[in-house]
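Trainee:
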Amino acid sequence: MTHTVTLDRCVKSFTVEDIFSANQLADVLLPGTAQPHDGPSAAVAAAIHDGERGAELLFIERSTMQGDPWSGQMAFPGGRTSSTDVNSIATAIRETKEELGIDLSSARRLGRLSDLEGGPRGTHQRLRVTPHLFWVPGDRPAITANHEVANALWIPVEQLVDEARYIEYPYPLLGSDLWPGIKIEGERVIWGLTLRMLVDLFTRLGRPLSIRS
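Here the sequence shown is numbered in the working numbering, starting from 16 and rising by one per residue.
#1: For my contact list, A165 and R77 are in at a C-beta cut-off of 8 Å; report their separation, rounded to the angstrom.
#2: Can you check DSSP and say which residues form a bridge with D65?
#3: Quick one: Cα of V172 to Cα of L72, how far?
#4: Compare the C-beta of G54 against all C-beta atoms of chain B and say whether one is closer than 8 Å.
#5: With a threshold of 16 other CB atoms inside 10 Å of the CB of T209, please say whether the residue is buried or exposed.
#6: Could you name each continuous alpha helix (DSSP H) segment of 4 residues or more that falls completely within the segment 163–223, going from the start of the chain to the end?
#7: With DSSP as the reference, label R155 as helix, strand or coil.
#8: Tell me, which residues are paired with G87 by DSSP?
#9: Is the beta carbon of I63 sitting closer than 8 Å to the one on F35?
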């Protein structure tokens, strides 16, 4: 099966004065924490900041690590829920601090996106992932990445809606199939579970990214 990407007309520049204001985002996101879940779970944090080029989101490039099904991929900071986490919000905050040294506990939590399920292809392992969004005011926070993170990048939203960056992505570990992806800085590609989160976000904001498989 070959996957292709198409885009409808998109606004090219988003700033905190239009749809990416904290209040606008809070209006369209889900409240509260994730619903109870018996299986393994995780949470990620999508941090949003008003940068020099408008609204921007913080992504990580995961380190290449043996045994990690998402090794080397672009993602939001986050990870598996610990028995000490009171809820999925606590998971997202703890994991972001561990991976990047950024404490989101004092940031404004805007809400969450729909839960997603992910897992290594070709296995029956499924992991429920809850994305939480946080508003980071002021200057960009200092980043101190741990061994799990190869790079951390603030990506302007205008890049995420630039149709020239939409590609068919051949992920070598998954055979010959092509997957929808967004090419960002340094030839990196956002795809898979993280792309699905972006699709959910932009759909809620009334600026859907039209992706056809």
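Glycine included, each C-beta is placed from N, C-alpha and C at the ideal position.
Mentor: Answer, in terms of the structure:
#1: Residue 165 sits at position 150 when you count from the first residue of the sequence shown. Residue 77 sits at position 62 when you count from the first residue of the sequence shown. Contact holds; Cβ gap of about 7 Å.
#2: Position 50 of the sequence shown, counted from the start, is the residue given in the question as residue 65. According to DSSP, which records beta bridges pairwise, D65 is partnered with A70.
#3: Here residue 172 refers to the residue found at position 157 of the sequence shown. Here residue 72 refers to the residue found at position 57 of the sequence shown. In a straight line, the C-alpha of V172 is about 7 Å away from that of L72.
#4: The structure shown contains no chain B, having only a single protein chain.
#5: Numbered from 1 along the sequence shown, position 194 holds the residue referred to as residue 209. Answer is buried; the Cβ neighbour count reaches 16.
#6: 172–175 and 207–219
#7: On the sequence shown, position 140 is the one that residue 155 refers to. Coil.
#8: As a working mapping, residue 87 is identified with position 72 in the sequence shown. Per DSSP, none; premise fails for G87.
#9: Position 48 of the sequence shown holds residue 63. Position 20 of the sequence shown holds residue 35. Cβ distance < 8 Å, so I63 and F35 count as in contact.
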